[in-house]
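One gets the numbering used here by counting positions in the sequence shown from 1 and adding 3 to each. Note that beta-carbon positions come from the ideal geometry of N, C-alpha and C, so glycine has one too. Quantities reported herein were computed from a predicted structural model and do not represent experimental measurements. Here's the structure, in structure tokens; my notes come after.
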Amino acid sequence: MTTYLRDNTRSKRKKPLWQDFFEALVVALLLALIIRTFIVQPFKIPSESMKDTLLVGDQLLATKFDYGLRVPFTDIVFYEGRAPQRGEIIILKYPRDPDVNFIKRVVGVPGDVIEMRNKQFYRNGEPVHESYIRVDEPGNIVPVRDNFGPVTVPPDNFFVMGDNRDNSMDSRFWGFVERKAVIAKARRIYWSWESLTNIRWSRIGSAIE
């Protein structure tokens, strides 16, 4: 004997359209929050400290899982990740005001000896060739900015500088960056414009190196 299942679709009351819309909106917001908190976050470049690598008006995506993940609003680590490496461009919490985010390049990792001599960057006693830097004042030597150190990067800390070496507030002025202050790794430019009439199409989609 065959047993038939009752089709009760007609007996169900249809949900109001506003309820469907509200549920979809809640799910979308939760997904966006999860993605922004743990996976990828957009940032906008407001200054020239990373010029010409990054320009004012560049909007970029940065991945948040590379260097570990923490429970939101706490220092509890639930995914360790890896440490930032030399040459990587990172988003960090400004040591003097953690509510402000900075973007800089890692030039020194724990144990490195960092020094600037007349604008030339030295690491562990050796001059470092940096094809990405910009120097606007080649003949103007300024203390600290152009002559600094030597200092040794302590454990779980990093030394960072902007690529626009003559126009960057960085570790030369406010010290090392703790690993827990590193937020994300800059990955790719998704939009770039100087104004509504000057969109930098050639930069859109380019990787950040």
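- prompt: By a C-beta neighbour count over all protein chains shown, 10 Å radius and 16 as the cutoff for buried, is Arg148 buried or exposed?
  reply: Numbered from 1 along the sequence shown, position 145 holds the residue referred to as residue 148. That one is buried.
message: Can you tell me where the alpha helix (DSSP H) holding Gln22 begins and where it ends?
response: The sequence position of residue 22 within the sequence shown is 19, counting from 1. Looking at the DSSP string, the run of the alpha helix (DSSP H) that includes Gln22 is Leu20 to Phe41.
Residue interval of the beta strand (DSSP E) (run including Trp196): For the purposes of this step, residue 196 is taken as the residue at position 193 of the sequence shown. Where Trp196 is concerned, the enclosing beta strand (DSSP E) stretches over Val185 to Ser198.
task: Drop a sphere of 10 angstroms on the beta-carbon of Asp61, count the other beta-carbons inside from all chains shown, and report buried for 16 or more, exposed for fewer.
output: Start at 1 with the first residue of the sequence shown, and residue 61 comes out as number 58. By the neighbour-count rule (16 or more Cβ atoms within 10 Å), Asp61 is buried.
query: So what does DSSP say about Arg85, is it helix, strand or coil?
result: Counting from one through the sequence shown, the residue named residue 85 turns up at place 82. Here Arg85 sits in coil by DSSP.
- prompt: To which residues does DSSP link Met164 through a beta bridge?
  reply: Within the sequence shown, the letter at position 161 stands for residue 164. DSSP lists Arg108 as partners of Met164.
query: Ends of the beta strand (DSSP E) at Phe176?
result: Taking the first residue of the sequence shown as position 1, residue 176 is located at position 173. First-last for Phe176: Ser174 to Trp177, but that is the alpha helix (DSSP H), not the beta strand (DSSP E).
query: Looking only at its own chain, which residues have a Cβ that is under 7 angstroms from the Cβ of Gln44, when we skip the five neighbours before and after it?
result: Counting from 1 along the sequence shown, the entry for residue 44 is found at position 41. These residues qualify, in order along the chain: Ala65, Lys67 and Ala187.
query: Of all the options Glu51, Glu129, Gly90 and Val112, which has the alpha carbon lying nearest to the alpha carbon of Glu181?
result: The sequence position of residue 181 within the sequence shown is 178, counting from 1. Measuring from the Cα of Glu181, the nearest candidate turns out to be Val112.
task: Along the beta strand (DSSP E) that carries Thr155, what are the first and last residues, could you check?
output: Within the sequence shown, the letter at position 152 stands for residue 155. Run containing Thr155: Phe151 to Thr155, per the beta strand (DSSP E) assignment.
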